[in-house]
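Worksheet: the structure to be examined is printed underneath.
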Amino acid sequence: MLRSLFNLRRLPAGALRATGAALHTSTAAVARFAGFDLTDDQLEFQHVADTFAREELAPFSAQWDEKHIFPIDTLKKAAELGFAGLYVSEDVGGAGLSRLDAAIIFEALSWGCIPTAAYLSIHNMVASVIDKWGSPHLRGEYLPALTAMEARASYCLTEPGSGSDAASLKTTARREGDHYVLNGQKIFISGGGSSHLYLVMARTGEPGPKGISAFLIEKDTEGLSFGKPERKMGWNAQPTTTVMMDNVRVPVDSRVGQEGEGFKIAMWALDGGRVNIGACSIGGAQFCLDTARQYAHQRQQFGSPIANFQATQFKFADMATQLQASRLMVRHAAAALDSGSRGKTLECAMAKRYATDACFEVANSALQLLGGYGYLQEYPIERYMRDLRVHCILEGTNEIMRLIINRELDKVDPIA
Ligand SMILES: Cc1cc2nc3c(=O)[nH]c(=O)nc-3n(C[C@H](O)[C@H](O)[C@H](O)COP(=O)(O)OP(=O)(O)OC[C@H]3O[C@@H](n4cnc5c(N)ncnc54)[C@H](O)[C@@H]3O)c2cc1C
6 MLRSLFNLRR LPAGALRATG AALHTSTAAV ARFAGFDLTD DQLEFQHVAD TFAREELAPF
66 SAQWDEKHIF PIDTLKKAAE LGFAGLYVSE DVGGAGLSRL DAAIIFEALS WGCIPTAAYL
126 SIHNMVASVI DKWGSPHLRG EYLPALTAME ARASYCLTEP GSGSDAASLK TTARREGDHY
186 VLNGQKIFIS GGGSSHLYLV MARTGEPGPK GISAFLIEKD TEGLSFGKPE RKMGWNAQPT
246 TTVMMDNVRV PVDSRVGQEG EGFKIAMWAL DGGRVNIGAC SIGGAQFCLD TARQYAHQRQ
306 QFGSPIANFQ ATQFKFADMA TQLQASRLMV RHAAAALDSG SRGKTLECAM AKRYATDACF
366 EVANSALQLL GGYGYLQEYP IERYMRDLRV HCILEGTNEI MRLIINRELD KVDPIA
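Every number in our numbering is 5 more than the matching position in the sequence shown, counting from 1.
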């Protein structure tokens, strides 16, 4: 098993340049080392995602980043393989997989393009909310289009005045007969302006989490508008915008769940989103480790490949260990979601916190190992590092993960 982790395919000289497209590692081999005996089905899912990442994502991801292209046609191709409704029920076009299956797939996809895999994660998050909490009408109305990627979805929680303190959100939804009227502003919305459907958390009642409800708003609804795309450090292959609501009227049956359940639904979605984003960090960091190892065997200094220096070898050992720990934690959290374990929120927060920090460090180490070349845009590491950085911030910052971890610890293991 140990041998298979390092059984990476050798690269032709010079293949590291630019996109890294020719670089392919057997993530299936890595998976077997992850302490989970993946089933034959899971190995097959992984293989499909890995092939898609290598053929459809990695060759283009540098250009998408540079030109800020949201690869909609590629997302449609991803949907043909089932990636747009991974853990959505099969009766509405979903693949009906487990969270662990999905974590394996997101890891493989993000090896080829982190922001594209991450957008798929957000889209899946919204689709899964509709599947679990939506009425039969909403499921039938939206999920067939979402799972086919004929429609794309965004998740709208953050506001200018409420980021980490999400329960203080100010967007209102006022009931008027058989409609709600929404007013307010959401910021940092991934897919904003491009997505067809927006899951919006808005206040229908008292201050705090119990006064929040969730709504679906279609893009062309009167009163819904979007800011211009934000200029960002990374995640350039997907747009991020403000979403403004000015007397947006939606029918009562566009509410997801009951009145007052919106915050619970938003947090339920984020448990899974955190596992996915952790998995996306692992795939991106794995790419950086693979690239740095190949480079270190080719790059000669002081008459020797830099891979021969013990300092380099120790660095690789640490990077591989950080990756492995991240993978174990993320998969364990995914399995906790699947089993509905009492400690699932604790595990999701721990996995997100650890994996996103550790994987950013792995990318930073990889950049250091490439020396000055690592800093150049001609090589992919600086892009992967820029893309990974935001994972420590979104889906709840890593400081907020620590608050959750401590709070959940008191729940699952109270001091007598
Ligand atoms: C590229 C990108 C895409 C995003 N996509 C989406 C999306 O699709 N949908 C969506 O709803 N949101 C999205 N977000 C928003 C993201 O979830 C928030 O940025 C994040 O939750 C933090 O909120 P904030 O930026 O307001 O920071 P703040 O909450 O203002 O935090 C600022 C700093 O203070 C720290 N802090 C805050 N409270 C505490 C505390 N109690 N203890 C210790 N430290 C604390 C934070 O950790 C952080 O370091 C996205 C953000 C980015 C950058």
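Just so you know, even glycine gets a beta-carbon here, dropped at the ideal spot from N, CA and C.
Do Q243 and S286 have their C-beta atoms closer together than 8 Å? Not a contact, by the Cβ cut-off of 8 Å.
By Cβ distance below 6 Å, which residues in the same chain neighbour D415 in space, the five residues on each side in sequence not counted? By the criterion of a C-beta distance shorter than 6 Å, D415 is surrounded by no residue of its chain, once the five residues flanking it on both sides are discounted.
Would you decide whether D3 is buried or exposed? Buried here means 16 or more other CB atoms lie within 10 Å of its CB. The requested residue 3 is not part of the displayed model; the chain covers only 6 to 421.
Bridge partners of V248, per DSSP? Residue pairing by DSSP puts V248 in a beta bridge opposite K191 and F231.
Supposed contact pair D70 and R394 - C-beta distance, whole angstroms, cut 8 Å: Not confirmed; about 13 Å, so no contact.
Taking the alpha helix (DSSP H) that E404 falls in, what are its first and last residues? Unbroken alpha helix (DSSP H) run through E404: N403 to V417.
Measuring straight from C-alpha to C-alpha, what distance separates D96 and I311? Computed Cα separation, rounded: 54 Å.
CA-to-CA distance, K320 to A301, given in whole angstroms: Per the coordinates, the alpha-carbon of A301 lies some 11 Å from the alpha-carbon of K320.
Simplified DSSP assignment, three categories, for Y380: Under the three-state reduction of DSSP, Y380 is assigned to helix.
Pair within 8 Å by beta-carbon distance, T361 and H396: Taking 8 Å as the Cβ cut-off, T361 and H396 qualify as a contacting pair.
With distances taken from CA atoms, which of L333, E211 and Q68 is nearest T177? When each option's Cα is compared against that of T177, the closest is E211.
According to DSSP, is E146 helix, strand or coil? In this structure, E146 counts as helix in the three-state DSSP scheme.
Any chance the CB of L221 is under 7 Å from a heavy atom of ligand 1? Result no, Cβ not under 7 Å from ligand 1.
Rounded to the nearest angstrom, what separates L21 and T296 at their Cα positions? For L21, the pLDDT reaches just 29, beneath the cut-off of 50, and the residue's location in the model is therefore unreliable, although a value from the coordinates is still provided. Cα-Cα distance, rounded: 7 Å.
Is the beta carbon of G198 sitting closer than 8 Å to the one on T152? Cβ atoms of G198 and T152: not closer than 8 Å.
Sort D46, V280, K137 and K82 by Cα distance to V335 and report the nearest one. If you compare the alpha carbons of D46, V280, K137 and K82 with that of V335, the shortest gap goes to V280.
At a cut-off of 7 Å, is C285 close to ligand 1 when judged by its beta-carbon and the heavy atoms of the ligand? At a cut-off of 7 Å, the beta-carbon of C285 does not count as near ligand 1: no heavy atom of the ligand is closer than that.
Out of A84, I282, L91 and S115, state which residue places its alpha-carbon closest to the alpha-carbon of D55. Across the set A84, I282, L91 and S115, the C-alpha of S115 shows the shortest separation from the C-alpha of D55.
Report the start-end ranges of each beta strand (DSSP E) in the segment 100-163 that is 3 residues or longer and not cut off at the edges. For the segment 100-163, whole beta strand (DSSP E) runs of length 3 or above, ordered along the chain, are 158-161.
Using the Cα positions of R37 and N411, report the straight-line distance between them to the nearest angstrom. The pLDDT assigned to R37 is 44, lower than 50, so where the model puts this residue is not dependable; a value taken from the coordinates is nonetheless given after this. CA-to-CA, the gap between R37 and N411 works out to about 32 Å.
Per DSSP, which one or two residues make a beta bridge with R208? Looking at the DSSP assignment, R208 forms a beta bridge with T177 and I217.
So which of G401, H73, D106 and L125 has the shortest CA-CA distance to H52? Considering only alpha carbons, the answer is D106.
Going by Cα to Cα distance, which pick from P234, F57, M206 and K191 is closest to E264? For the residues P234, F57, M206 and K191, the minimum Cα distance to E264 belongs to M206.
Identify the continuous alpha helix (DSSP H) that holds D343 and give its terminal residues. Taken as a continuous stretch (DSSP letters only), the alpha helix (DSSP H) holding D343 covers Q315 to S344.
So, for A3: in the same chain, excluding its five sequence neighbours on each side, which residues have a beta-carbon less than 6 Å away from its beta-carbon? Limits of the chain in this structure are 6 at one end and 421 at the other, which puts residue 3 out of reach.
Check whether V261 and L351 have beta carbons under 8 Å apart: Contact: no.
Locate the alpha helix (DSSP H) running through I398, then write down its first and last residues. Following the DSSP letters along the chain, one finds I398 in no alpha helix (DSSP H), marked with neither H nor E.
Is it buried or exposed, G423, if we count other Cβ atoms within 10 angstroms and call 16 or more buried? With the chain covering 6 to 421 only, the question about residue 423 has no answer from this structure.
Hey, would you say the C-beta of L414 is under 7 Å away from at least one heavy atom of ligand 1? Checking the 7 Å criterion, the Cβ of L414 is out of range of every heavy atom belonging to ligand 1.
Return the residue from the list G288, R391 and Q315 that minimises the CA-CA distance to I109. Ranked by Cα distance from I109, the first of G288, R391 and Q315 is G288.
For S259, is the beta carbon positioned less than 7 Å from some heavy atom of ligand 1? No - ligand 1 has no heavy atom lying nearer than 7 Å to the Cβ of S259.
Suppose contacts are defined by Cβ-Cβ distances below 8 Å. Is F231 in contact with T245 by that definition? No, these two residues do not count as a Cβ contact at 8 Å.
What's the gap between the Cα of R407 and the Cα of P256? Answer to the nearest angstrom: the Cα atoms are 39 Å apart.
Let me check one thing: in DSSP terms, what residues is P385 bridge-paired to? According to DSSP, P385 bridges with nothing at all.
Using a 10 Å radius around the Cβ and a threshold of 16 neighbouring Cβ atoms, would you call V417 buried or exposed? The C-beta of V417 has fewer than 16 other C-beta atoms within 10 Å across all chains shown, which makes the residue exposed.
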